[in-house]
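A.B. asks: Under the numbering used here, residues 10 to 116 are what the sequence shown spells out, in order. Don't be surprised by glycine CBs; every beta carbon is placed ideally from N, CA and C.
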Amino acid sequence: NADKKEVFTDQVQNHSMVAKLLNPIEEELKIRTNATVKLLDLRKIVSERHEIAHHDLRTIADQRALIDKCEQTIYPDDYPYKITLKQMVDCLKRLDSGDQTLLRPFY
């Protein structure tokens, strides 16, 4: 837990070297997914051990079931990652439907 507290501080996350590393990745994600996803938000979602973030995915059917579950989950109004999760689920649904525009190679 001590490590998590130190990694997630604004001082660490806003450090110029961290921003230099993460900003291009986040920009590419925005271009590919049409979502404004912060990598730190994804890490926080997983670290808080939300049940959606820890789901056994062995088959395509498991993946589709998780997408359906995410769509049906009602998050509290004050849950800070509602938009991020919705954007990522929308992206996964597009990929599952065969949308190839998300699969172009990285530059």
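Identify which residue in I76, P85 and I40 has its Cα closest to the Cα of V98.
C.D. replies: As a first step, residue 98 must be located in the sequence shown, where it is residue number 89. Nearest C-alpha to V98: I76.
A.B. asks: For V46 versus T110, is the C-beta spacing smaller than 8 Å?
C.D. replies: As a working note, residue 46 is residue 37 in the sequence shown. As a working note, residue 110 is residue 101 in the sequence shown. Not in contact: V46 and T110 (Cβ atoms no closer than 8 Å).
A.B. asks: Go through its chain and collect everything with a Cβ distance to N10's Cβ below 8 Å, but skip five positions before and after it.
C.D. replies: Mapped onto the sequence shown, residue 10 falls at position 1. For N10, the pLDDT reaches just 46, beneath the cut-off of 50, and the residue's location in the model is therefore unreliable, although a value from the coordinates is still provided. Cβ neighbours of N10 beyond the five flanking positions: none.
A.B. asks: Do the segment 35-53 and the segment 79-93 touch if we need at least three Cβ pairs shorter than 8 Å?
C.D. replies: At 8 Å Cβ cutoff, the stretches touch.
A.B. asks: Please work out which residues of its chain come closer than 6 Å, Cβ to Cβ, to L66, disregarding the five sequence neighbours upstream and downstream, and give them in chain order.
C.D. replies: For the purposes of this step, residue 66 is taken as residue 57 along the sequence shown, with counting starting at 1. So the list reads Q72, once near-sequence residues are dropped.
A.B. asks: Candidates N23, D105 and Q96: which alpha carbon is nearest A70's?
C.D. replies: Numbered from its first residue, the sequence shown carries residue 70 at position 61. Selected option, being the one with the closest Cα: D105.
A.B. asks: Assign L38 to one of two classes, buried (16 or more other C-beta atoms within 10 Å of its C-beta) or exposed (fewer than that).
C.D. replies: Your numbering for residue 38 matches position 29 in the sequence shown. With 16 or more Cβ atoms within 10 Å of its Cβ, L38 is classed as buried.
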